[in-house]
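> Below is a structure I'd like to ask you about.
Residue numbers (the working numbering): 3 to 303.
Quick look at the structure:
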């Protein structure tokens with residue numbers, strides 16, 4: 003059964019929704035396709051959905067890509083790169099320099115992913131290696147229409163990309179889900195090890211680019227990129243205060259439940275949580291706990 007779904011936002015921009023075999027993940031992972039002076043995709047999803055992505059690209063009559071752009075090497079963004087790189091054997095893969103060796107020889111990356119995600123990683127399927135000569139370091143990448151910007155907040159190998167009016171932010175601008183207007187849902191993507199100042203600096207670097215439209219890795223698009231980035235920047239300080247206050251009055255261990263309860267009350271950007279389906283809430287609670295652990299680790303230093 004074909005699970006992918008294609009949404010055309012503008013004449014040159016498409017979102018390909020891909021669905022892994024995980025409950026609650028049916029509106030969470032997307033691959034962006036840009037068709038213009040250069041054709042490229044941003045991220046590839048996990049290996050388990052590679053066939054979905056290839057089928058969607060075939061439906062859009064894409065038989066050549068100029069670039070495959072990876073925002074970072076986490077499995078839900080780059081797990082299928084072995085399959086997609088093989089399908090487009092002449093297309094360079096643009097990736098942060100720190101991520102290239104892990105994708106060329108992914109055994110340690112897979113072991114770490116299994117340790118962190120467990121059964122979820124198994125559902126995503128393992129990485130397959132990509133020859134190192136297929137990669138171009140994002141720091142050395144030059145293009146007439148795409149600019150790579152190092153945005154290390156979410157991970158130490160994170161890159162965002164700008165072309166025309168579009169900012170492909172990966173998770174540098176957080177996770178933004180359109181639930182039911184006006185109650186959308188925005189949260190930090192701050193897994194351990196998390197460095198608050200680096201995350202903040204990444205947002206500031208994106209704001210300096212004055213992007214107009216932000217395309218999120220999770221999930222969808224917002225037409226006022228400046229406003230969304232500023233909202234997320236402000237949100238980081240709300241989280242820092244809420245989690246910091248709880249740490250001060252509680253023992254450090256097992257604070258996630260209280261933090262979630264207080265963040266849902268005090269963070270206006272998370273109002274959309276109440277409108278989520280039960281399965282989506284369950285997914286998000288897992289990610290919220292991990293993001294809170296990242297903040298708590300930073301604040302406890």
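Glycine included, C-beta positions come from ideal geometry on N, C-alpha and C.
To the nearest angstrom, how far is it from the Cα of residue 53 to the Cα of residue 44?
Going from the Cα of residue 53 to the Cα of residue 44 covers about 16 Å.
> Could you tell me which whole beta strand (DSSP E) segments of length 3 or greater appear in the stretch 128 to 181?
Entirely contained in the stretch 128 to 181, the beta strand (DSSP E) runs reaching 3 residues are, in chain order, 137 to 139, 149 to 152, 161 to 165 and 168 to 172.
> Taking Cβ positions, are residue 273 and residue 185 nearer each other than 9 Å?
Yes.
> DSSP state of residue 191, grouped into three classes?
Reduced to three states, the DSSP call for residue 191 is coil.
> Give me the Cα-Cα distance between residue 143 and residue 149, rounded to the nearest whole angstrom.
Those two C-alpha atoms are separated by around 8 Å.
> Which residues does DSSP pair with residue 9 in a beta bridge?
DSSP output for residue 9 lists 17 as bridge partner(s).
> State the DSSP-derived secondary structure class of residue 69, mapped to helix, strand or coil.
DSSP places residue 69 in strand when its eight states are reduced to three.
> Sort out for me which residues DSSP pairs residue 197 with in a bridge.
In DSSP, residue 197 forms no bridge with anything.
> Take every Cβ of the stretch 126 to 135, pair it with every Cβ of the stretch 29 to 36, and state whether three or more of those distances are shorter than 8 Å.
No: fewer than three Cβ pairs fall under 8 Å.
> To the nearest angstrom, how far is the alpha carbon of residue 75 from that of residue 247?
Approximately 33 Å between the Cα atoms of the pair.
> Counting only runs that start and end within the stretch 216 to 272, where is the beta strand (DSSP E) found for 3 or more residues in a row?
Counting only runs of 3 or more, we get 222 to 224.
> Just to confirm the assignment, what range does the beta strand (DSSP E) spanning residue 35 have?
That run of the beta strand (DSSP E) goes 31 to 36.
> Skipping 5 residues on each side, what residues in its chain have a beta carbon closer than 8 Å to that of residue 160?
Hits under 8 Å: 73, 74, 98, 152, 153, 154, 172, 173, 174 and 204.
> Where does residue 27 sit, in a helix, a strand or coil, going by DSSP?
Three-state DSSP puts residue 27 in coil, outside helix and strand.
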